[in-house]
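Peer 1:
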Amino acid sequence: MQKNPELELALNFIEKTDRNLFITGKAGTGKTTFLHQIKKDSLKRMVIVAPTGVAAINAKGVTIHSFFQMPFGPILPNQIANTNQQRKFSKTKIDIIKSLDLVIIDEISMVRADLLDGIDQVMRRYKNRNKVFGGAQVLMIGDLQQLAPVVRPNEWSLLQQHYNTVYFFSSKAFQEADVVSIELKHIYRQKNENFIKVLNEIRNDNLSEDSAKILNERYDPNFSPTKDDGYITLTTHNNRANLINDSELNKLKTISAFFKADISGKFNENAFPNSERLELKIGAQVMFIKNDSSPDKRYYNGKIGIVTDVSTENVTVQCANEIDEIVTEKETWDNVNYSINEETKEIKEDVIGSFSQIPLRLAWAITIHKSQGLTFEKAIIDAEASFAHGQTYVALSRCTSLEGLVLKTPITSSAIINDRTVSVFNESVEENHPDESILNDSEKYFQLNLISELFDYQPFLYPTTRLIDVFYKNRTSIKGDVIDHLQTIKDDGVVALMKVSNGFKNQLAQIAEDNVLPENSSQIEERFAKALDYFITQTKGNILKPLNAIEFSTDNKAVKKDFSKQFDSLQEKLLEKLFALQKMTNGFKVQEYLEVRAKAVLQKTAPTAKKKKLSSKRDPLLALKLRELRDEIRVAASIPAFQIFTQETLYAMCDSLPRTEKELLEITGMGKTRVSKYGEEILEVINTYCKENGINKLNKQKKEDKKPTKQITFELFKSGLSVKDIAKERSLTVGTIESHLASYIPSGDVDILELIDIKKYKKIIKAIEETEFKNLTELKEKVDKSFTFMELRMVLLSMEN
Numbered sequence: 001m002q003k004n005p006e007l008e009l010a011l012n013f014i015e016k017t018d019r020n021l022f023i024t025g026k027a028g029t030g031k032t033t034f035l036h037q038i039k040k041d042s043l044k045r046m047v048i049v050a051p052t053g054v055a056a057i058n059a060k061g062v063t064i065h066s067f068f069q070m071p072f073g074p075i076l077p078n079q080i081a082n083t084n085q086q087r088k089f090s091k092t093k094i095d096i097i098k099s100l101d102l103v104i105i106d107e108i109s110m111v112r113a114d115l116l117d118g119i120d121q122v123m124r125r126y127k128n129r130n131k132v133f134g135g136a137q138v139l140m141i142g143d144l145q146q147l148a149p150v151v152r153p154n155e156w157s158l159l160q161q162h163y164n165t166v167y168f169f170s171s172k173a174f175q176e177a178d179v180v181s182i183e184l185k186h187i188y189r190q191k192n193e194n195f196i197k198v199l200n201e202i203r204n205d206n207l208s209e210d211s212a213k214i215l216n217e218r219y220d221p222n223f224s225p226t227k228d229d230g231y232i233t234l235t236t237h238n239n240r241a242n243l244i245n246d247s248e249l250n251k252l253k254t255i256s257a258f259f260k261a262d263i264s265g266k267f268n269e270n271a272f273p274n275s276e277r278l279e280l281k282i283g284a285q286v287m288f289i290k291n292d293s294s295p296d297k298r299y300y301n302g303k304i305g306i307v308t309d310v311s312t313e314n315v316t317v318q319c320a321n322e323i324d325e326i327v328t329e330k331e332t333w334d335n336v337n338y339s340i341n342e343e344t345k346e347i348k349e350d351v352i353g354s355f356s357q358i359p360l361r362l363a364w365a366i367t368i369h370k371s372q373g374l375t376f377e378k379a380i381i382d383a384e385a386s387f388a389h390g391q392t393y394v395a396l397s398r399c400t401s402l403e404g405l406v407l408k409t410p411i412t413s414s415a416i417i418n419d420r421t422v423s424v425f426n427e428s429v430e431e432n433h434p435d436e437s438i439l440n441d442s443e444k445y446f447q448l449n450l451i452s453e454l455f456d457y458q459p460f461l462y463p464t465t466r467l468i469d470v471f472y473k474n475r476t477s478i479k480g481d482v483i484d485h486l487q488t489i490k491d492d493g494v495v496a497l498m499k500v501s502n503g504f505k506n507q508l509a510q511i512a513e514d515n516v517l518p519e520n521s522s523q524i525e526e527r528f529a530k531a532l533d534y535f536i537t538q539t540k541g542n543i544l545k546p547l548n549a550i551e552f553s554t555d556n557k558a559v560k561k562d563f564s565k566q567f568d569s570l571q572e573k574l575l576e577k578l579f580a581l582q583k584m585t586n587g588f589k590v591q592e593y594l595e596v597r598a599k600a601v602l603q604k605t606a607p608t609a610k611k612k613k614l615s616s617k618r619d620p621l622l623a624l625k626l627r628e629l630r631d632e633i634r635v636a637a638s639i640p641a642f643q644i645f646t647q648e649t650l651y652a653m654c655d656s657l658p659r660t661e662k663e664l665l666e667i668t669g670m671g672k673t674r675v676s677k678y679g680e681e682i683l684e685v686i687n688t689y690c691k692e693n694g695i696n697k698l699n700k701q702k703k704e705d706k707k708p709t710k711q712i713t714f715e716l717f718k719s720g721l722s723v724k725d726i727a728k729e730r731s732l733t734v735g736t737i738e739s740h741l742a743s744y745i746p747s748g749d750v751d752i753l754e755l756i757d758i759k760k761y762k763k764i765i766k767a768i769e770e771t772e773f774k775n776l777t778e779l780k781e782k783v784d785k786s787f788t789f790m791e792l793r794m795v796l797l798s799m800e801n
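Heads up: the sequence shown at position 129 corresponds to 129 in UniProt numbering, and the numbers run straight through without jumps.
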């Protein structure tokens with residue numbers, strides 16, 4: 001591809017910055033070639049979308065509605081964010097969106113303002129709610145002086161309340177996106193300066209008398225080409241094109257040959273690139289509608305020729321001024337979908353359907369709409385019935401020269417329909433063309449933005465505050481250790497780190513050197529390394545640790561769903577953040593960070609949220625008792641707690657309630673050695689708990705025990721029964737009954753002296769006052785061996801009263 005300054009600048013903006021781009025240019029300036037070059041060379045993770053099925057197939061991408069799962073019809077502001085009109089996104093689609101660096105939108109001139117805002121809503125929803133397009137870079141390619149968006153009157157009556165025009169540049173997202181606009185200037189299609197001047201004047205709706213005279217010299221209403229001339233008629237309406245093609249085909253006396261397309265997988269009928277049942281005859285004028293996929297490159301999209309022979313498998317075509325005929329076989333168009341390669345984590349294109357057909361179409365005539373993107377050496381223009389913005393310009397600009405152009409009707413100002421709002425916007429594009437200095441500044445700020453993004457904790461704020469809000473609104477139905485940890489996460493973690501992050505961002509901007517990129521600055525490298533250590537430590541200590549300590553249960557399904565959703569979101573963001581921080585310890589480099597950022601989203605770490613969250617059947621009391629048992633064993637055996645059982649194993653036991661050694665062996669982390677050493681004591685704690693709470697072998701609560709078990713014990717005690725009598729009555733141990741009653745000591749409902757005689761009580765009080773200890777286990781080790789754990793616990797509880 002021939003190099004030119006505008007193309008080079010556009011390519012550099014894509015690769016070196018995060019600026020959103022609008023790439024435009026007159027017909028024939030290489031916009032489509034530019035797109036394919038980016039797709040081939042760029043290292044960024046990207047998807048390509050287009051507004052129509054045919055445009056998407058030509059761009060080797062997917063339709064906007066398909067990829068972003070948009071509803072058809074008008075899309076109102078916040079409609080997607082606030083409703084469930086979208087089909088549910090798959091995990092793969094969400095991962096792709098979250099890991100995207102670049103979204104390319106081809107044929108942007110046909111994209112309505114509300115559709116671009118819909119893309120913004122989806123990107124914010126799944127990527128970053130606080131940034132336009134979710135923080136992804138968006139490249140929009142197209143020529144606004146060509147075909148415009150389609151909007152019905154009833155749709156515009158809704159949309160005009162929100163938008164000044166139907167065009168994409170009136171969208172709220174575009175206005176917020178700080179878009180850099182670059183116009184490609186070099187015209188590859190036409191070489192004649194007079195013709196280029198004429199086209200520019202039509203494009204800008206200011207056709208001069210001189211240019212009109214030059215153009216209308218090509219007017220010849222009686223022109224009738226011979227079959228070997230290779231002219232194609234461009235007309236405004238589909239029925240006109242079909243009428244001409246059918247009429248010319250019927251004039252041929254040769255036998256019709258029919259070619260049936262081979263269609264496999266998913267391929268929408270509206271996106272078929274050719275007829276499913278193609279009729280051709282020897283002598284028919286045809287146009288190639290695909291570039292030759294063979295190494296010979298014998299034909300291109302838009303090349304005209306005459307059918308000279310047909311067989312069951314191929315069609316032979318003779319093109320004007322060429323000696324060799326072209327034997328044409330079926331070509332294949334692929335319908336692609338995006339997925340993620342599990343090994344490399346790269347976004348890959350999956351072929352989900354294919355359409356194979358002879359790449360020829362009858363070409364005595366074609367609609368102007370279908371001609372967009374094509375190039376013809378000889379064309380007859382019938383633009384008398386132009387009804388839409390840009391049609392005349394599109395038709396004329398398909399031609400490579402004035403000499404190959406014939407007008408069926410004169411071109412007058414009435415045939416040139418241009419939207420003034422488009423012209424005004426294009427003028428602003430020309431006036432604000434970026435230069436190298438803007439590119440350099442954008443590259444520096446891109447790198448600073450990436451560093452700031454790594455240390456950005458703003459996305460943590462919403463799920464954290466939402467969790468706190470859910471708790472306070474439903475505190476009566478929520479059980480567990482929740483709010484203190486959430487406040488720690490918010491105040492000491494998220495908010496504190498947001499302040500530090502903002503200060504660090506400002507500091508980097510001040511020290512960034514004019515001529516040195518941040519990734520090459522030794523000063524920034526030093527600050528980056530220190531910041532990394534700080535943020536890793538603070539994130540682990542003030543977010544990860546309290547988040548892992550949260551225990552939560554509720555019988556309210558709606559509350560549980562809301563809480564769990566935000567909890568999972570917070571945990572997911574935390575895993576991504578820690579992954580990225582810990583992978584950047586070798587220093588900051590742009591390409592390395594982009595790869596790490598994508599992998600952070602795509603890592604398949606098993607979520608711990610559901611392990612740490614109390615299910616509705618898990619009681620924190622059992623977890624507490626198992627921890628106490630583990631603590632006693634740890635002290636007695638002088639070994640670390642995790643060698644007895646881990647926190648993960650503890651929660652697994654609370655969930656499944658193993659009642660036998662066989663069931664205990666099935667718990668993750670409880671092997672034969674651990675079961676043989678500690679299984680008996682663990683099972684005693686669990687069986688006691690099940691007995692106290694009326695839980696049978698099937699782990700189902702007995703319906704008759706509607707009162708809390710400790711309340712039943714308390715009521716029996718107040719009726720005059722002794723601890724031993726209650727234990728016998730309820731088939732529970734004395735220790736369990738004492739534990740029930742101990743919980744009523746702090747409130748004064750049970751007097752300590754009803755459970756311990758006064759002499760022993762005074763001895764324990766004195767021992768406690770004379771002993772330094774951190775916990776109950778340490779106290780037990782330091783005082784008289786005759787004092788039991790329960791007695792010490794009850795006295796401590798009485799001292800809280």
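Think of the CB as a built atom: it goes at the ideal place given N, C-alpha and C, for glycine as much as any other residue. None of the values given here were measured: they were computed from a predicted structure.
Distance, Cα to Cα, Thr-605 vs Glu-729?
Peer 2: Here the model assigns Thr-605 a pLDDT of 45, short of 50, so the residue's position is not dependable, and the following value carries that caveat. Cα to Cα, Thr-605 sits roughly 50 Å from Glu-729.
Peer 1: Give me the Cα-Cα distance between Ala-113 and Glu-107, rounded to the nearest whole angstrom.
Peer 2: Computed Cα separation, rounded: 13 Å.
Peer 1: What is the rounded straight-line gap between the Cα of Met-790 and the Cα of Gly-735?
Peer 2: Met-790 and Gly-735: Cα-Cα distance of roughly 7 Å.
Peer 1: Would you identify the three-state DSSP class for Val-150, choosing helix, strand or coil?
Peer 2: Val-150: coil per DSSP, three-state reduction.
Peer 1: Is the beta carbon of Leu-454 less than 7 Å from the beta carbon of Val-494?
Peer 2: For Leu-454 and Val-494, no; Cβs fall outside 7 Å.
Peer 1: Considering Ile-438, what are the terminal residues of the alpha helix (DSSP H) in which it resides?
Peer 2: Note, Ile-438: alpha helix (DSSP H), 436 to 454.
Peer 1: In the DSSP assignment, the beta strand (DSSP E) including Tyr-219 goes from what residue to what residue?
Peer 2: Per DSSP, Tyr-219 belongs to no beta strand (DSSP E) and is neither H nor E.
Peer 1: Quick one, which of Ile-326, Asn-250, Val-132 has its alpha-carbon nearest Asn-279's?
Peer 2: Per the sequence shown, residue 279 should be read as Glu rather than Asn. Cα-wise, what sits closest to Glu-279 is Asn-250.
Peer 1: For Ser-354, which residues does DSSP report across the bridge?
Peer 2: According to DSSP, Ser-354 bridges with Ser-264, Asp-334.
Peer 1: Quick one: using the 10 Å Cβ neighbour count with 16 as the cut-off for buried, is Phe-223 buried or exposed?
Peer 2: Exposed is the call here.
Peer 1: In the structure shown, what three-state DSSP assignment does Lys-785 receive?
Peer 2: Residue state, collapsed to three classes: coil.
Peer 1: Using CA atoms only, rank isn't needed, just tell me which of Ala-600, Glu-525, Lys-545 is closest to Phe-588.
Peer 2: Ranking Ala-600, Glu-525, Lys-545 by Cα distance to Phe-588 puts Glu-525 first.
Peer 1: Looking at the unbroken beta strand (DSSP E) that takes in Phe-288, where does it start and where does it end?
Peer 2: Note, Phe-288: beta strand (DSSP E), 285 to 288.
Peer 1: If you drop the 5 nearest sequence neighbours on each side, which residues of the same chain put their C-beta closer than 6 Å to that of Gln-85?
Peer 2: With a pLDDT of 48 at Gln-85, under the threshold of 50, the predicted position of this residue should be treated as unreliable, though the coordinate-derived value follows. If we look at Gln-85 and ignore the five residues flanking it on each side, its Cβ neighbours are Pro-71.
Peer 1: Have a look at Met-46 and Ile-104 and give me their C-alpha separation to the nearest angstrom.
Peer 2: Cα to Cα, the separation comes out at about 7 Å.
Peer 1: Helix, strand or coil: which one does DSSP assign to Ala-50?
Peer 2: Here Ala-50 sits in strand by DSSP.
Peer 1: Touch check for the stretch 204 to 212 and the stretch 146 to 155: three-plus C-beta pairs under 8 Å?
Peer 2: The stretch 204 to 212, when compared against the stretch 146 to 155, does not touch it at the 8 Å Cβ threshold.
Peer 1: Take Ile-667 as the anchor and find which of Leu-517, Glu-201, Ser-656 has the nearest alpha-carbon.
Peer 2: Checked all of Leu-517, Glu-201, Ser-656; the closest Cα to Ile-667 is Ser-656.
Peer 1: Check Arg-112 in the structure and name its three-state DSSP category.
Peer 2: It is a strand residue.
Peer 1: Taking only runs that begin and end inside the stretch 637 to 725, name each unbroken alpha helix (DSSP H) of 4 or more residues, in chain order.
Peer 2: Correct list: 647 to 656, 661 to 665, 672 to 692, 709 to 718.
Peer 1: Counting C-beta neighbours from all protein chains within 10 Å, is the total for Gln-137 16 or more, i.e. buried, or is it exposed?
Peer 2: By the neighbour-count rule (16 or more Cβ atoms within 10 Å), Gln-137 is buried.
Peer 1: Could you tell me which residues DSSP puts in a beta bridge with Val-138?
Peer 2: Paired residue(s): Val-103.
Peer 1: According to DSSP, Gly-25 sits in a beta bridge with which residue or residues?
Peer 2: In DSSP, Gly-25 forms a bridge with Leu-184.
Peer 1: Using 8 Å as the cut-off, can you tell me whether the stretch 576 to 588 makes contact with the stretch 430 to 446, which would need three or more C-beta pairs spanning the two stretches below that distance?
Peer 2: Touching, no.
Peer 1: For the candidate residues Thr-392, Asp-568, Pro-359, whose alpha-carbon lies nearest to that of Pro-463?
Peer 2: Among Thr-392, Asp-568, Pro-359, the Cα nearest to that of Pro-463 is on Asp-568.
Peer 1: Based on DSSP bridge pairs, tell me the residues matched to Lys-348.
Peer 2: In DSSP, Lys-348 forms a bridge with Ser-339.
Peer 1: If contacts are defined as beta-carbon pairs under 8 Å, then Thr-392 and Ile-202 qualify, I think. What distance do you get, rounded to the angstrom?
Peer 2: With a Cβ gap of about 6 Å, Thr-392 and Ile-202 count as contacting.
Peer 1: Within 10 Å of its beta-carbon, does Pro-74 have 16 or more other beta-carbons around it, so buried, or fewer, so exposed?
Peer 2: Burial call: buried.
Peer 1: Buried or exposed for Lys-672, going by 16 or more other Cβ atoms inside 10 Å?
Peer 2: It is exposed - the Cβ of Lys-672 has fewer than 16 other Cβ atoms within 10 Å.
Peer 1: On the three-state DSSP scale, how would you describe Thr-367?
Peer 2: Looking at Thr-367 - three-state DSSP - the assignment turns out to be strand.
Peer 1: In three-state DSSP terms, what is Ile-323?
Peer 2: Ile-323: coil per DSSP, three-state reduction.
Peer 1: Which runs of the alpha helix (DSSP H) fall wholly inside the stretch 448 to 492 and span at least 4 residues, in chain order?
Peer 2: Entirely contained in the stretch 448 to 492, the alpha helix (DSSP H) runs reaching 4 residues are, in chain order, 458 to 473, 483 to 488.
Peer 1: If contacts are defined as beta-carbon pairs under 8 Å, then Tyr-219 and Pro-77 qualify, I think. What distance do you get, rounded to the angstrom?
Peer 2: Their Cβ separation, rounded to whole angstroms, is 48 Å, which puts Tyr-219 and Pro-77 out of contact at 8 Å.
Peer 1: What does the alpha-carbon distance come out to for the pair residue 804 and Asn-775?
Peer 2: Here the chain has residues from 1 to 801 only, and residue 804 is not among them.
Peer 1: To the nearest angstrom, how far is the alpha carbon of Asp-120 from that of Glu-183?
Peer 2: Taking the straight line from one Cα to the other gives about 24 Å.
Peer 1: Using the C-alpha atoms, what's the distance from Ser-564 back to Ala-265?
Peer 2: A quick correction: the sequence has Gly, not Ala, at residue 265. Rounded to the nearest angstrom, the two C-alpha atoms are 38 Å apart.
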